[in-house]
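Counting in the UniProt record's numbering, the sequence shown runs from 1 upward without gaps.
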Amino acid sequence: MSTGGRRMKIPPTTAGVHIRAPLEKVWRVFVNENGWDGWFTDGMKMELKEGGKIFFRWFRKTFGEEVTDEGIIHRLEPPNLIEFSWNTYEDGFRSRVKMEFFSSSYNGTWVQVEDHTIVLNEEDMKIKLECAVGWGEMLTLAKIWIEYGISTLENP
């Protein structure tokens, strides 16, 4: 699968979920200073402005191994869009993510994630596929958290 250092033309990863809650509530759960700590992260921080930093930290989901990463917010258009880069890679970031939030006629909110990931080799593809699974898991866990107040994390 080696491409000789060239970026492969790989489509973005997309994931979406419908959450039975108003747009503003869903937005606040996803875009806030403490990030996704209720259902997915441990010590996540978001600096809520364009150019603001994001710090990701996992501990409970990674069986006690501390996993961290960072990112930067490119666009912030409350309550409909946040776009950020993350997944530190060489002198930049591996992924650019756009999360969009839409009110639905089904008494709730649609959340759509689109992740454009750099893929140069098999290891990069492995990371992209792991992130694809992670986005689906994150959205599902967020739905359970917002709709039912349930966290699957130990000692949330």
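By construction, the Cβ of each residue, glycine as well, lies at the ideal position given by its N, Cα and C atoms.
Quick caveat, the model's predicted, so the values are computed rather than measured.
About 16 angstroms separates the beta carbons of M138 and F55, which is beyond the 8 angstroms limit, so they are not a contact pair. DSSP places I127 inside the alpha helix (DSSP H), whose first and last residues are E122 to Y148.
Of all C-beta pairs linking the segment 13–30 to the segment 106–116, three or more are shorter than 8 angstroms, placing the two stretches in contact. In the DSSP annotation of this structure, the continuous segment of the beta strand (DSSP E) that includes F84 starts and ends at L81 to Y89. Separation of G38 and W86 (C-alpha to C-alpha, rounded to the nearest whole angstrom) is 20 angstroms. Boundaries for F63: no alpha helix (DSSP H) harbours it, and the DSSP string shows neither H nor E there.
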